[in-house]
Amino acid sequence: MKKKLKIVWDGILPSNPVLVLLLGMCATLGTTSSALNGLMMGVSTLLVLICSNSVVSMIKSLVPDKVRIPVFIVVIATFVTLLQLAISAWAPALNESLGLFIPLIVVNCILLGRAEAFASRRPVLDSALDGLGCGIGFTLALTLLGAARELLGAGSLFGIRIYPDDYAMLLFVLAPGAFIALGYMIALVNRLKH
Amino acid sequence: MLTYISIIVTAIFINNIVLAQFLGICPFLGVSKRTDSALGMGAAVTFVITMATLVTWCLQTYVLDPLGLQFLQTILFILVIAALVQMLEIIIRKIAPALYMALGVFLPLITTNCAVLGVAILVVQKGFTLGESLTYAVATSIGFALAMWIFAGIREQLALTSVPRHMKGVPLALVGAGILAMAFMGFSGIKIG
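So the protein lines, in turn, are chains A and B. Mapping the first sequence onto the numbering used here, position 65 (from 1) lands on 65, and the numbers just tick up by one. Each number in the numbering used here comes from the position in the second sequence (counting from 1) with 194 added on.
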């Protein structure tokens, strides 16, 4: 039990995919203009990650070593397509705000990275837990970054106004703010690690 | 003609793929420590984006649309891109071993460069013709190479400066990229046609 918890915990903090391993930067920067967008993107990726990790782990002994990467990508792409269809059917507003970044979950390095480094050599349950942990870590990082950017750039948090937007720095909602906010966030994590 | 000029200027400067659209960040941060490998990467990505856009546009127009199979878009596109990258890897290893060594692990990772899949999907979403799609693909890649090249130049200088310990490396690079993105925002006032 303790071992299983450790697998989940590892993905959340000690090897957080965004803040420590620096993976999945495109989605991190592109979808965190508000805390809610970041959270939604994180949850979408979390769902795909658990499914793809489990399936990769199930089929690992059937797949020849040489073609494993294309096979993993097809598995991931299948789940992304399912998610894409589900979102456009049930949450069209979400589809609008995340836009291109939903299909681009396919090329998120975290998914292929976990499939290759973890799921292709571990049992199914462990792989699903690893997906859960990394997914939560990813969601956490995106929500934090989204919250920081929304608070600084729009003066609100999850859409709730904290201070008048006359005092907000619009820059943080725009593209440059994404880079700068993430840069300082990683520096902060570096500081906390030591 | 004006449409083409507008597509080119928008893709390179106004809506730069890396600095405004956040696509292709991994190689942007990973291979930008030296200007020459940054340019090599830019050339490799240009080739893949252009070829991939050509093939995926034809597949979308002549196979997926007539058969009503649009939902297969993501799966099909990523397979085309993976095959192209594999091909490019073989070619580069044969004709430019030095570049092959310099690009290292980032060469196979072009498959998971979101810029490639991003452009392929964007030209379909925007409803471009084949000519416009290819123009957009080439201009976007030039924008990518330009951003990488400028950024690599900045990082070569940054490597020599003394900065707080925890800011070293990626955090400082990200802040630098933010300031570069701010500079590129200056282009957003340009209007064509």
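All C-beta atoms in this analysis are idealised placements derived from N, C-alpha and C, irrespective of residue type, glycine included.
Looking at the C-beta of M25 of chain A, does it have a partner C-beta in chain B at a distance below 8 Å?
True, the Cβ-Cβ gap to chain B drops below 8 Å.
Starting from the beta carbon of M361 of chain B, find every residue of chain A whose beta carbon is closer than 7 Å, and list them in chain order.
By Cβ distance, chain A contributes A187.
Taking DSSP's pairing of strands, which residues face S156 of chain A in a bridge?
DSSP output for S156 of chain A lists A:R161 as bridge partner(s).
Would DSSP call K320 of chain B helix, strand or coil?
Correct three-state label for K320 of chain B: helix.
Please report how far the alpha carbon of R161 of chain A lies from the alpha carbon of A181 of chain A, in whole angstroms.
Rounded to the nearest angstrom, the two C-alpha atoms are 20 Å apart.
Please identify, using Cβ separations under 8 Å, the residues of the stretch 50 to 81 of chain A that lie next to chain B, in order along the chain.
If the cut-off is 8 Å between Cβ atoms, the stretch 50 to 81 of chain A has I69, P70, I73, V74, A77, T78, V80, T81 near chain B.
Determine the contact status of L217 of chain B and A246 of chain B, defining contact as a CB-CB distance below 8 Å.
For L217 of chain B and A246 of chain B, no; Cβs fall outside 8 Å.
Okay, do the stretch 236 to 251 of chain B and the stretch 319 to 337 of chain B touch, 3+ Cβ pairs below 8 Å being the bar?
At 8 Å Cβ cutoff, the stretches touch.
Could you tell me the alpha carbon to alpha carbon distance between I206 of chain B and L273 of chain B, rounded to whole angstroms?
Taking the straight line from one Cα to the other gives about 27 Å.
How would you list, in chain order, the residues of chain A whose beta-carbon sits under 7 Å from the beta-carbon of T306 of chain B?
The contacting residues are V107, C109, L112.
Can you check which of these residues, B:K362, B:F381, B:A377, is closest to R191 of chain A by C-alpha distance?
For R191 of chain A, the nearest C-alpha among the options comes from B:K362.
Drop a sphere of 10 angstroms on the beta-carbon of D65 of chain A, count the other beta-carbons inside from all chains shown, and report buried for 16 or more, exposed for fewer.
Its Cβ having fewer than 16 others within 10 Å, D65 of chain A is exposed.
Check this for me: beta carbons of S44 of chain A and I102 of chain A, under 8 Å apart or not?
In this structure, I102 of chain A lies closer than 8 Å to S44 of chain A by Cβ.
Could you name the residues of the same chain whose beta carbon sits closer than 8 Å to that of G133 of chain A, not counting the 5 residues immediately before and after it, in chain order?
Counting only Cβ-Cβ distances below 8 Å, and skipping sequence neighbours, we find I7, V8, W9, D10, G11, I12.
Are A141 of chain A and V106 of chain A close, meaning C-beta to C-beta below 8 Å?
In this structure, V106 of chain A does not lie closer than 8 Å to A141 of chain A by Cβ.
CA-CA distance, A91 of chain A and H194 of chain A?
Going by the C-alpha atoms only, they are around 42 Å apart.
For L311 of chain B, return the contacting residues in chain A, with the cut-off set at a CB-CB distance below 8 Å.
Per Cβ cutoff of 8 Å: P103, L104, V106, V107.
Just to confirm, is the Cβ distance from G153 of chain A to V173 of chain A under 8 Å?
Yes, Cβ-Cβ distance for G153 of chain A and V173 of chain A is below 8 Å.
For a contact defined as C-beta to C-beta under 7 Å, what are the partners of N95 of chain A on chain B?
Residues of chain B passing the Cβ test: none, with the nearest at roughly 12 Å.
Going by DSSP in three states, Q215 of chain B sits in which element: helix, strand or coil?
Q215 of chain B falls in the coil class under three-state DSSP.
Report yes or no: do the stretch 245 to 264 of chain B and the stretch 314 to 329 of chain B share at least 3 C-beta pairs separated by less than 8 Å?
Counting Cβ pairs under 8 Å, three or more are found: they touch.
Does DSSP put M290 of chain B in a helix, in a strand, or in coil?
In the sequence under discussion, the amino acid at residue 290 of chain B is Ala, which differs from the Met named in the question. Three-state DSSP puts A290 of chain B in coil, outside helix and strand.
Give me the Cβ distance between L49 of chain A and G135 of chain A, rounded to the nearest whole Å; I'm assuming they're in contact under 8 Å.
Contact holds; Cβ gap of about 5 Å.
What would DSSP say about M245 of chain B, mapped onto helix, strand or coil?
Correct three-state label for M245 of chain B: helix.
Step through the CB atoms of chain A and report whether any lies within less than 8 Å of the CB of F338 of chain B.
Not an interface residue.
Which residues in the same chain have their Cβ closer than 7 Å to the Cβ of I208 of chain B, if we skip the five residues on either side of it in sequence?
Within the same chain, I208 of chain B has close Cβ partners F381, S382, I384.
In angstroms, rounded to a whole number, what distance separates the CA positions of L94 of chain A and P291 of chain B?
If I take the Cα positions, the gap works out to 45 Å.
Hey, is L85 of chain A's beta-carbon within less than 8 Å of any beta-carbon in chain E?
Checking the listed chains, one finds no chain E in this structure; the protein chains it contains are A and B.
For A86 of chain A, which option in A:L47, A:V56, A:I69 has the closest C-alpha, if you only look at C-alpha atoms?
It is A:L47.
Please report the distance separating the alpha-carbon of L196 of chain B from that of F322 of chain B.
Each residue's alpha carbon lies about 14 Å from the other.
What are the start and end residues of the alpha helix (DSSP H) that includes D10 of chain A?
D10 of chain A -> alpha helix (DSSP H) spans 2 to 12.
Below 8 Å on the Cβ atoms is my contact criterion, and I expect I284 of chain B with Y294 of chain B to pass it. Report the Cβ-Cβ distance as a whole number of Å.
Rounded, the Cβ-Cβ distance is 10 Å, inconsistent with contact.
On a Cα-Cα basis, can you pick out the residue from A:G159, A:P70, A:G155 that is closest to D165 of chain A?
Here the closest residue by C-alpha is A:G155.
Residues in the same chain with beta-carbon distance under 6 Å from G131 of chain A, minus the five sequence neighbours each way, listed in chain order, please.
Taken in chain order, the residues that qualify are L49, I50, N53.
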